[in-house]
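S.K.: One structure coming up, written as structure tokens, with questions to follow.
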Amino acid sequence: MNKKLFKQLQSVIDYIEENILETIKITDLTNLVYMSKSSFYNVCSLVLGVPIKKYIRQRKLSHSAYDLIFSHKNILNIALKYGYSSSASYSRSFKQLYGLSPQHYKNFGKYYDAFPRIILINQNTGGKLMNCHIKNVAILNSVISNSAKGYLLDIDIDHFLNINKEFGSDIGDMVIVKVKKSLEEVLVKYSIKSKVIRIHGDEFAIVITDINTNHLEQLCKDMLIEVNKGLKHNIIFVPISISIGITSISNDDNIDLIDQAQSAMLAAKKAGKNQYKFVK
636 MNKKLFKQLQ
646 SVIDYIEENI
656 LETIKITDLT
666 NLVYMSKSSF
676 YNVCSLVLGV
686 PIKKYIRQRK
696 LSHSAYDLIF
706 SHKNILNIAL
716 KYGYSSSASY
726 SRSFKQLYGL
736 SPQHYKNFGK
746 YYDAFPRIIL
756 INQNTGGKLM
766 NCHIKNVAIL
776 NSVISNSAKG
786 YLLDIDIDHF
796 LNINKEFGSD
806 IGDMVIVKVK
816 KSLEEVLVKY
826 SIKSKVIRIH
836 GDEFAIVITD
846 INTNHLEQLC
856 KDMLIEVNKG
866 LKHNIIFVPI
876 SISIGITSIS
886 NDDNIDLIDQ
896 AQSAMLAAKK
906 AGKNQYKFVK
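So the number in our numbering is just where the residue sits in the sequence shown, counting from 1, plus 635.
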């Protein structure tokens, strides 16, 4: 399969993640890739290894698993949040994926992602299948494990699919570079030597130590302001915003911190984007 097709399918996967709490219609996805439904179904099954509807269901269930462990919502409210009409139908689907009922999983008390998000292509280099992504996540995990205390920031570019669609992928690549540079400039302003690590196509992570909550919040506000300056290229101006998810790092238990920060980032997007949220 050619690179263009992989990029199209990656846009589908990214759209699903950005709209995980919404009712996702197949027509919304086929419009992204300009395919007939039958062709779309066949290609998705071949590349993703599962039918696209199953992929969406499994990703919703994986997100719901996080809520079971880290939120105070009851099982019915979580079921409704992820599009199920009853706790019974949700429980059946959840048990098929996790091997436990939602209540038993909640009692178990340890989150794990049973069906991780698929990354097909590095949007900056165009390279297929995640070698760079895997390496960067490994680097991030190493940084986390060597940090006694601090915070993990998960940062995602808002409306990135629309930027690519309206301005083209070349401008989209420039936006990624611009955002990374803007984040780095804010870190320099605060004399923070942390690195901005790209973990997905339009998603970054930063580990920050030796900072209190008030300074961290001001830093995040400055990141939003700096990124909001947008990208100017010739006669084109591209407005840019980001959503930031934040979780704390401690000596006690740093398992699944990336997932926690990503969940907070998704909450920031759900709340209207262009803002930051701490893990609740």
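Note that CB positions come from ideal geometry on N, CA and C, so glycine has one too. Computed from a predicted model, the values in this text were never measured in an experiment.
#1: Looking at phenylalanine 795 and valine 873, is the spacing between their C-beta atoms short of 8 Å?
#2: In the region 780-821, which residue ranges form an unbroken beta strand (DSSP E) of at least 3 residues, counting only runs that do not cross its ends?
#3: Could you pull out every unbroken alpha helix (DSSP H) segment of at least 4 residues lying fully inside the region 687-713, listed in chain order?
#4: Would you mind reading off the limits of the beta strand (DSSP E) that contains valine 914?
#5: Can you tell me which residues form a DSSP beta bridge with serine 674?
#6: Taking three-plus beta-carbon pairs below 8 Å as touching, is the region 729-741 in contact with the region 670-679?
#7: Among His850, Gly684, Tyr690 and Gly744, whose alpha-carbon lies nearest the alpha-carbon of histidine 707?
#8: Taking alanine 902 as the reference, which of Ser878, Leu892 and Ser883 has the closest Cα?
#9: By DSSP, does phenylalanine 750 sit in helix, in strand, or in coil?
#10: Just to confirm, are valine 823 and leucine 787 a CB contact at a threshold of 8 Å?
#11: What are the residues that DSSP puts in a beta bridge with serine 883?
#12: Can you give me the C-alpha to C-alpha distance between serine 721 and cysteine 855, rounded to a whole angstrom?
#13: Looking only at its chain, what residues have a beta carbon closer than 8 Å to the beta carbon of leucine 696, apart from the 5 residues adjacent to it on each side?
#14: Let me check one thing: in DSSP terms, what residues is phenylalanine 839 bridge-paired to?
#15: Suppose the cutoff is 8 Å on Cβ atoms and the five residues either side in sequence are ignored; what does the same chain contact list for proline 686 look like?
#16: What first and last residue would you give for the alpha helix (DSSP H) that runs through valine 668?
#17: Span of the beta strand (DSSP E) holding isoleucine 871?
#18: Mark glutamine 853 as exposed unless 16 or more other C-beta atoms lie within 10 angstroms of its C-beta, in which case mark it buried.
#19: Could you check the C-alpha separation between aspartate 649 and isoleucine 884 for me, to the nearest Å?
#20: Give the straight-line distance between the Cα atoms of serine 804 and glutamate 653, rounded to the nearest whole angstrom.
M.R.: By the coordinates alone:
#1: no
#2: 785-792
#3: 687-705
#4: Where valine 914 is concerned, there is no enclosing beta strand (DSSP E), given that its DSSP letter is neither H nor E.
#5: In DSSP, serine 674 forms no bridge with anything.
#6: no
#7: Gly744
#8: Ser878
#9: coil
#10: no
#11: Tyr786
#12: 38 Å
#13: Tyr717, Ser728, Phe729, Leu732, Tyr733, Ala749 and Phe750
#14: Ile790 and Arg833
#15: Tyr676, Cys679 and Ser680
#16: 661-668
#17: 871-873
#18: exposed
#19: 27 Å
#20: 18 Å
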